[in-house]
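A.B. asks:
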Amino acid sequence: MKILLVIPKREELKSARKMGEEMASTLKDFQIEEVEVSNLDKEEIANAVAKTYVTGQNIKATIILGVTGPLLLKELKKIFGIPFLSFDNVILSVVGRSPLARVVSVVSTFSEEKTLLTCKAVYEFIPNQIYILNSKDIGEIPQLYRRGYHIIIPCSAELVSKPELLDNLLKGLEGVSVENPLSYFKEEIYSLNLGKGKPSTYKIERILPCIADSSKIRFIAQLNANVEDLLPILYLHLKRSNYLEALDALTFTTDKEEMITIYGNGKVCAGKVKDENRAKEILLELIDLLSKAYDYLSRHGSPPAEMFEARRKLNPNIVYSYLPKLNCGKCGEKSCFTFAIKLISGEKKLSECKPLVEEEKYRKNREFLEKLFNPLL
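Numbering (my numbering), first residue to last: 123 to 499.
#1: Considering only residues of the region 351 to 389, which uninterrupted beta strand (DSSP E) runs meet the minimum length of 3 residues and lie entirely inside it, listed in chain order?
#2: Are the CB atoms of Ile213 and Ile275 within a distance shorter than 7 Å?
#3: Can you list, in chain order, the residues of its chain with a C-beta nearer than 8 Å to that of Glu455? Leave out the 5 residues immediately preceding and following it.
#4: For Ile263, which residues in the same chain have their Cβ closer than 6 Å to its Cβ, ignoring the five residues on either side in sequence?
#5: Buried or exposed: where does Glu310 fall if 16 or more other Cβ atoms within 10 Å of its Cβ makes it buried?
#6: Which same chain residues, not among the five before or five after Gln251, have their C-beta less than 7 Å away from its C-beta?
#7: Leaving aside the five residues before and after His359 along the sequence, list all residues of the same chain whose C-beta is less than 8 Å from its C-beta, in chain order.
#8: Could you give the distance in angstroms between the alpha-carbon of Thr376 and the alpha-carbon of Asp259?
#9: Could you check if Ser283 is buried or exposed, using at least 16 other CB atoms within 10 Å of its CB as the buried criterion?
#10: Determine the direct distance from the alpha carbon of Lys242 to that of Lys164, and round the result to whole angstroms.
#11: Do you know whose CA, among Gly261, Gln153, Gly388 and Arg328, lies nearest Leu408's CA?
#12: When you compare each of Tyr442, Ile326, Ser363 and Glu144 to Asp67 by their alpha carbons, which one comes out closest?
#13: Are three or more beta carbon pairs between the region 345 to 357 and the region 294 to 311 nearer than 8 Å?
#14: Could you give the DSSP three-state label for Gln251: helix, strand or coil?
#15: Taking only runs that begin and end inside the region 186 to 231, name each unbroken alpha helix (DSSP H) of 4 or more residues, in chain order.
#16: Since Ala368 contacts Leu127 with CB under 8 Å, what's their CB separation in whole angstroms?
#17: Going by alpha carbons, who is nearest to Arg485 out of Lys452, Leu445 and Ile466?
#18: State the CB to CB distance for the pair Glu380 and Ile404, rounded to an integer number of angstroms; the pair is presumed to be in contact (CB under 8 Å).
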């Protein structure tokens with residue numbers, strides 16, 4: 123089996139090859155093949171991969187040594203039918219495992235700064251969680267540490283293969299950590315062996331102190347199945363959720379304000395959890411929910427694209443336009459617009475709007491809103 127390693131020419135080839143060698147030393151079942159590109163754009167990467175890609179060849183995945191944004195990964199996966207990974211996957215994984223920690227992503231080029239700037243808000247659990255730093259400015263890291271940024275993600279082959287470049291800056295900075303993208307890529311590759319299906323068991327891999335509240339914990343767990351086909355259904359079912367299709371990740375907040383991230387490979391990360399017993403409850407509840415999603419998929423197939431489009435565009439103005447606009451107060455709110463806001467946040471249920479439920483003239487509006495707000499599972 124083969125792993126393709128896409129190397130931008132701006133990277134020091136020696137450093138990139140060292141990364142490839144380190145991967146090969148631990149991923150012993152895989153052959154690492156390098157592909158060079160001038161720019162991180164779809165056409166050039168697709169052409170470079172196509173030259174080495176042969177139908178029927180057992181290529182497990184392609185790793186791009188750059189920050190690409192989720193859309194490019196999605197488009198490339200659609201073209202070749204295999205997973206495409208980049209430093210974006212690493213950033214999202216780190217944030218998912220430490221949802222309230224502030225991180226510094228060190229990138230190599232202005233274009234990657236710009237790319238990450240456009241999508242970082244989608245990756246973040248809290249505002250300004252990710253600070254984007256050009257590798258030319260790594261001398262600013264101690265200053266960022268004093269501002270609360272204690273996790274460093276090197277998003278270039280040079281920084282990964284030459285850890286001393288960062289180590290010298292971090293001396294004396296207590297509690298700072300440098301994440302190694304290699305470990306995340308290896309984890310992603312190994313998880314590809316999991317078959318798709320209904321999960322039935324879990325394994326808690328790590329329990330750590332919660333960064334925001336020392337009386338609580340965060341945890342990392344692994345389900346026994348690939349659940350990427352089930353995440354879209356959970357996205358429609360869980361109203362306080364965000365789905366990153368290109369990165370196969372779903373994030374949501376529970377009624378207890380616990381912050382959960384589920385990845386398509388079956389990895390689960392959570393923060394602000396009371397204790398280990400609650401962690402086990404969360405995982406059992408999640409398995410039950412994913413089992414229902416699997417049954418839904420088996421019976422009905424994937425939900426229609428229109429439902430996803432409506433869900434993505436959901437905002438108080440759209441919801442308000444489908445409400446009676448009577449401001450009657452029967453729902454307990456002073457206005458229909460306030461009700462719309464609380465409907466989206468999950469604080470109110472559609473059934474609490476009596477005119478909408480009881481009057482025939484609102485039937486079409488009610489049916490549209492029911493598709494958006496009534497539980498899918």
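By construction, the Cβ of each residue, glycine as well, lies at the ideal position given by its N, Cα and C atoms.
C.D. replies: Well, looking at it:
#1: 363 to 366, 371 to 375 and 381 to 385
#2: Along the sequence shown, read from residue 1 onward, the residue named residue 275 stands at position 153. Along the sequence shown, read from residue 1 onward, the residue named residue 213 stands at position 91. Going by C-beta atoms, Ile275 is nearer than 7 Å to Ile213.
#3: Your numbering for residue 455 matches position 333 in the sequence shown. If you ignore the 5 residues before and after Glu455, its C-beta comes within less than 8 Å of the C-beta of Phe461, Lys464 and Lys470, all in its own chain and listed in chain order.
#4: Taking the first residue of the sequence shown as 1, we reach residue 263 at position 141. Excluding sequence neighbours, Ile263 sits near Leu291.
#5: Within the sequence shown, numbered from 1, the residue matching residue 310 stands at position 188. With 16 or more Cβ atoms within 10 Å of its Cβ, Glu310 is classed as buried.
#6: If you number the sequence shown from 1, residue 251 lands on position 129. Result list for Gln251: Val217, Arg224 and Val225, in chain order.
#7: Position 237 of the sequence shown, counted from the start, is the residue given in the question as residue 359. Correct list, in chain order: Leu411, Ala415, Pro497, Leu498 and Leu499.
#8: Residue numbering aside, residue 376 sits at position 254 when the sequence shown is read from its first letter. Residue numbering aside, residue 259 sits at position 137 when the sequence shown is read from its first letter. Whole-angstrom Cα-Cα distance: 38 Å.
#9: Sequence index remark: in the sequence shown, residue 283 carries index 161 (1-based). Ser283 is buried by the Cβ-count criterion.
#10: What you label residue 164 is simply residue 42 of the sequence shown in a count that begins at 1. What you label residue 242 is simply residue 120 of the sequence shown in a count that begins at 1. Taking the Cα positions, Lys164 is about 20 Å away from Lys242.
#11: Here residue 408 refers to the residue found at position 286 of the sequence shown. That would be Gly388, whose Cα lies nearest to the Cα of Leu408.
#12: Since the first and last residues shown for the chain are 123 and 499, residue 67 lies out of range.
#13: With the rule of 3 Cβ pairs closer than 8 Å, the region 345 to 357 does not count as touching the region 294 to 311.
#14: Translated into positions along the sequence shown, residue 251 becomes position 129. Correct three-state label for Gln251: coil.
#15: Whole alpha helix (DSSP H) segments, 4+ residues: 192 to 202 and 209 to 219.
#16: To locate residue 368, count along the sequence shown from 1; it is residue 246. To locate residue 127, count along the sequence shown from 1; it is residue 5. Beta-carbon to beta-carbon, Ala368 and Leu127 are separated by about 19 Å, too far to satisfy the 8 Å threshold.
#17: In the sequence shown, the residue the question calls residue 485 occupies position 363. Nearest option by C-alpha distance: Leu445.
#18: Working through the sequence shown from its first residue, we reach residue 380 at position 258. Working through the sequence shown from its first residue, we reach residue 404 at position 282. About 7 Å separates the two Cβ atoms, so the contact holds.
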